[in-house]
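A.B. asks: Here the sequence shown stands for residues 1 to 579, numbered as in full-length UniProt numbering.
Note that beta-carbon positions come from the ideal geometry of N, C-alpha and C, so glycine has one too.
Here you go, one structure.
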Amino acid sequence: MANIENKKNNNQDSNKANALDDEQRVLVLSPGMLVTKRFLRNHLALVGLIIIVFMFSFSFIGGVLSPYGEREVFRTYETALKDYAGASINKEYQFTDAKEKEFPALAKADMILAINKDSDSFTSGDVVYTLIKETERMYRIVQLKEVGSVMTVKGITSFNQTGDVLFTDSMKEAYANAVAADGQSFEVENVTYVITKSGKMDIISLAEEVSIATTMIFHTYTKDTSLTSEFKVEAQKAIAKNQTSFEADGLTYTLEIRDQSALFYLEGKEYASASEYSIKAIASDVFLSIDFKLALEQAIRSNKTKLAFTNELGEIEQYVIERNHTQYTVKREVSTQVNNTYESPSLKHWLGTDGNGMDVMTRLMYGGRISLLIGFVVVILEIVLGILIGGVSGYFGGWMDTFCMRMVDVFNCIPSMPLYIILGAIMDFMKINPSIRIYFLCVVLGILTWPKVARMVRGQILSLREQEFMIATEATGIRTSKRIFKHLIPNVIPQIVVMATMGLGDVILLEATLSFFGLGVKYPYASWGNIVNAVNDVYVMTNFWFIWIPAGLLILITVLGFNFIGDGLRDAFDPKMKR
1 MANIENKKNN NQDSNKANAL DDEQRVLVLS PGMLVTKRFL RNHLALVGLI IIVFMFSFSF
61 IGGVLSPYGE REVFRTYETA LKDYAGASIN KEYQFTDAKE KEFPALAKAD MILAINKDSD
121 SFTSGDVVYT LIKETERMYR IVQLKEVGSV MTVKGITSFN QTGDVLFTDS MKEAYANAVA
181 ADGQSFEVEN VTYVITKSGK MDIISLAEEV SIATTMIFHT YTKDTSLTSE FKVEAQKAIA
241 KNQTSFEADG LTYTLEIRDQ SALFYLEGKE YASASEYSIK AIASDVFLSI DFKLALEQAI
301 RSNKTKLAFT NELGEIEQYV IERNHTQYTV KREVSTQVNN TYESPSLKHW LGTDGNGMDV
361 MTRLMYGGRI SLLIGFVVVI LEIVLGILIG GVSGYFGGWM DTFCMRMVDV FNCIPSMPLY
421 IILGAIMDFM KINPSIRIYF LCVVLGILTW PKVARMVRGQ ILSLREQEFM IATEATGIRT
481 SKRIFKHLIP NVIPQIVVMA TMGLGDVILL EATLSFFGLG VKYPYASWGN IVNAVNDVYV
541 MTNFWFIWIP AGLLILITVL GFNFIGDGLR DAFDPKMKR
């Protein structure tokens with residue numbers, strides 16, 4: 001009997017343990033734990049969570065660990081041909097006026113007309129000038145003062161003095177030699193006389209020097225040397241007379257003709273030169289030596305395209321000569337420090353460098369900070385505005401609901417992209433600081449995207465406000481603001497969280513689009529959108545994939561991650577949505 005009674009007791013205990021309301025059988029979970037458990041069972045949601053955790057680590061922790069800065073520019077040296085000097089055969093006359101003489105600009109133009117007409121005299125401003133042709137490239141401009149006449153009859157020459165100048169034997173001999181040589185002028189004791197025909201008589205006139213016109217260009221051996229007008233006049237006279245020396249400014253100079261150029265020496269030292277070539281350095285602070293100019297002239301005459309010149313330090317410098325009709329451009333290989341742009345991926349730069357010479361990997365890290373920051377700020381702003389306006393509209397109803405919903409309709413009717421373009425143009429015109437521009441962008445995006453949150457909150461509150469717990473809050477006398485934000489809004493939190501999570505991806509895409517069009521984040525700050533915008537031509541896009549593909553992939557993966565999390569949260573809050 002005892003055994004039978006024990007069995008009954010055991011069966012009763014077993015039945016009690018297996019009862020449906022037994023605490024050991026029923027596992028009670030809080031709503032939060034239940035949502036978390038459902039969320040963690042969703043594999044896509046877990047993938048999205050892993051993606052977002054990685055993106056935050058990559059952007060915020062990676063930027064700290066990166067050895068480079070967001071705006072750090074890398075430089076490199078490259079050898080390039082740069083314009084060094086220009087050369088041309090001078091065909092314009094250079095004028096050197098005599099002491100206390102001035103040859104007017106109008107007279108210079110009249111002189112050129114006279115040369116073109118092959119005339120030996122011209123009139124300018126009621127003044128008669130005479131041209132004395134010394135060489136093909138040099139003319140002397142003089143004014144004549146009659147000093148006498150000469151007539152030759154049957155071999156007998158008679159001199160008639162009409163001025164203050166006496167016809168000396170040396171002067172008569174110089175005249176005879178000039179006539180015999182069919183010359184138009186002669187010189188006695190450094191004084192020039194001009195012979196002019198007048199019928200059977202020769203008029204002898206004293207040539208008073210006014211100016212010398214020549215196409216020759218003078219160069220000095222040192223930068224500090226300045227050539228006087230007297231030196232240029234006497235030098236050109238010496239060149240015309242094939243002299244080996246001349247005097248100017250009380251000094252004696254030696255003249256040497258070399259390869260159609262004239263070299264002048266003072267006390268045995270190189271002083272200056274003259275040639276038909278005009279050679280000038282491109283940079284104003286560069287002084288070209290005469291040796292370089294002579295070597296360049298020789299190369300041009302020999303039709304060479306390259307020149308190897310030994311400088312003062314004994315170093316051989318290579319030059320390239322490019323011809324364009326009568327103009328020559330001399331280029332030199334120069335090692336220049338430039339931005340290290342579009343460097344291919346390497347151990348130093350894992351994703352290479354961009355068009356500004358910045359590390360692409362580092363820019364992607366800092367760009368992720370900006371893109372994620374804008375996404376969260378905009379979503380928080382639109383949720384706050386949406387909850388306030390949607391909560392008030394749904395709870396009060398009536399004219400308040402009508403007013404708020406019409407305001408939502410107005411914002412929905414605003415064409416967002418044209419507005420973004422206008423605001424971007426205004427900020428560009430006002431030159432808004434790029435750092436401040438980021439916050440302007442957040443505010444504008446938040447203001448234009450809150451209506452969808454407000455509509456959702458209003459719809460949920462309209463269905464919740466008539467339920468029993470809300471009637472109880474009204475009966476207990478709880479104030480209106482507490483009813484809305486403590487009892488109604490918490491019941492809408494699941495939908496808000498889902499909308500916010502999925503909206504983050506939309507905001508990041510919108511920011512990337514605006515930055516791509518140059519309306520969003522500006523240089524030097526980085527965002528994934530303006531990194532893609534840097535690829536603005538087909539050549540860069542096809543040849544430098546490492547610039548834009550990583551940024552595009554980060555945008556794609558991040559948006560997918562937020563969408564996966566949003567879908568997972570939606571299914572976790574409302575499992576019926578899976579059906």
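What residue from R323, R363, Y277 and S211 has the CA that sits closest to N530's CA?
C.D. replies: Distances from the alpha-carbon of N530 to those of R323, R363, Y277 and S211 put R363 closest.
A.B. asks: Give the C-beta separation of R140 and I212 to the nearest angstrom, bearing in mind that I take them to be a contact with Cβ-Cβ under 8 Å.
C.D. replies: Rounded, the Cβ-Cβ distance is 6 Å, consistent with contact.
A.B. asks: State the DSSP-derived secondary structure class of G63, mapped to helix, strand or coil.
C.D. replies: helix
A.B. asks: At which residue ranges does the stretch 527-569 contain complete alpha helix (DSSP H) runs of 4 or more residues, listed in the order of the chain?
C.D. replies: 528-533 and 538-543
A.B. asks: Hey, how far is the Cα of E256 from the Cα of L296?
C.D. replies: 18 Å
A.B. asks: Quick check on S205: does DSSP put it in helix, strand or coil?
C.D. replies: strand
A.B. asks: Using the rule of at least 16 other Cβ atoms within 10 Å of the residue's Cβ for burial, across every protein chain shown, is M427 buried or exposed?
C.D. replies: Buried: at least 16 other Cβ atoms inside 10 Å.
A.B. asks: Between which two residues does the beta strand (DSSP E) containing R75 stretch?
C.D. replies: Where R75 is concerned, the enclosing beta strand (DSSP E) stretches over R75 to I89.
A.B. asks: Taking the C-alpha atoms as reference points, what is the distance between K101 and V320?
C.D. replies: 44 Å
A.B. asks: By the 10 Å Cβ neighbour count, where 16 or more other Cβ atoms means buried, how is H219 classified, buried or exposed?
C.D. replies: buried
A.B. asks: Report yes if the CB atom of V73 is closer than 8 Å to the CB atom of N303, and no otherwise.
C.D. replies: N303 is positioned such that its CB atom lies no closer than 8 Å to that of V73.
A.B. asks: Once you ignore the five residues that flank T96 on each side, which residues in its own chain have a CB closer than 7 Å to its CB?
C.D. replies: So the list reads S211, I212, S229, K232 and V233, once near-sequence residues are dropped.
A.B. asks: What's the gap between the Cα of V360 and the Cα of T341?
C.D. replies: 11 Å
A.B. asks: Using a Cβ cut-off of 8 Å (strictly closer), state whether T476 contacts chain C.
C.D. replies: Judged by its chain identifiers, the structure shown contains no chain C, having just a single protein chain.
A.B. asks: Have a look at T196 and M216 and give me their C-alpha separation to the nearest angstrom.
C.D. replies: Their backbone Cα atoms lie some 29 Å apart in a straight line.
A.B. asks: Excluding the 5 residues flanking L554 on each side, which residues of the same chain have their C-beta closer than 6 Å to its C-beta?
C.D. replies: Excluding residues up to 5 positions away in sequence, W528 lie with their Cβ nearer than 6 Å to the Cβ of L554 in the same chain.
A.B. asks: Kindly list the residues whose CB is nearer than 8 Å to the CB of T480, restricted to its own chain and excluding five residues on each side of it in sequence; keep chain order.
C.D. replies: Y395
A.B. asks: Would you call the stretch 546-553 in contact with the stretch 381-399, where contact means no fewer than 3 C-beta pairs closer than 8 Å?
C.D. replies: no
A.B. asks: Looking at the strands, I want to know which residues DSSP matches up with E187.
C.D. replies: Bridge partners of E187: T192.
A.B. asks: Look up H219 in the DSSP assignment and say whether it is helix, strand or coil.
C.D. replies: strand
A.B. asks: May I ask you to verify whether the stretch 53-68 touches the stretch 311-326, counting CB pairs closer than 8 Å and requiring at least 3?
C.D. replies: The stretch 53-68, when compared against the stretch 311-326, does not touch it at the 8 Å Cβ threshold.
A.B. asks: For R25, I'd like the list of residues in its chain whose CB is within less than 6 Å of its CB, leaving aside the five on either flank, ordered along the chain.
C.D. replies: Residue placement at R25 is flagged as unreliable, the pLDDT there being 45, under the threshold of 50; the coordinate-derived value follows with that caveat. The answer is none, since no qualifying residue turns up.
A.B. asks: Alpha carbons only, please: which of I300, L288, Y328 and G505 is nearest the one belonging to T310?
C.D. replies: L288
A.B. asks: I need the boundaries of the alpha helix (DSSP H) containing N160, first residue and last residue.
C.D. replies: Looking at the DSSP string, N160 is not in any alpha helix (DSSP H); the run it does join, the beta strand (DSSP E), is I156 to Q161.
A.B. asks: Do V444 and E382 have their C-beta atoms within less than 8 Å of each other?
C.D. replies: no
A.B. asks: Compute the distance between the beta-carbons of residue 604 and S435, then report whether it is under 8 Å.
C.D. replies: In the structure as shown, the chain starts at 1 and stops at 579, and residue 604 therefore has no counterpart that could be examined.
A.B. asks: Once DSSP output is grouped into helix, strand and coil, what is the label at V444?
C.D. replies: helix
A.B. asks: Give me the residue from R301, F469, K486 and G503 with the minimum Cα distance to I374.
C.D. replies: Considering only alpha carbons, the answer is G503.
A.B. asks: Can you tell me whether V249 is buried or exposed? The criterion is at least 16 other CB atoms within 10 Å of its CB, across all chains shown.
C.D. replies: Rather than Val, the amino acid found at residue 249 in this sequence is Asp. When all chains shown are included, D249 counts as exposed.
A.B. asks: Any contact between the stretch 456-467 and the stretch 481-496? By contact I mean 3 or more CB pairs, one from each, below 8 Å.
C.D. replies: yes
A.B. asks: Count the other C-beta atoms from every protein chain shown that fall within 10 angstroms of the C-beta of I438, then say buried if there are 16 or more, exposed otherwise.
C.D. replies: It counts as buried.
A.B. asks: How would you call A500, buried or exposed, if buried means at least 16 neighbouring beta carbons within 10 angstroms?
C.D. replies: It is buried - the Cβ of A500 has at least 16 other Cβ atoms within 10 Å.
A.B. asks: Between the C-alpha atoms of R332 and K431, what's the straight-line distance to the nearest angstrom?
C.D. replies: For R332 and K431, the distance between alpha carbons rounds to 40 Å.
A.B. asks: With a Cβ-Cβ cutoff of 8 Å, do A180 and Y193 count as a contact?
C.D. replies: no
A.B. asks: Thinking C-alpha only, which one of G520, G386 and V521 is nearest V457?
C.D. replies: G386
A.B. asks: Distance check for A572 and D22, CA to CA, integer angstroms please.
C.D. replies: Unreliable placement is indicated for D22, whose pLDDT of 49 sits below 50; the coordinate value is still reported in the next sentence. Rounded to the nearest angstrom, the two C-alpha atoms are 27 Å apart.
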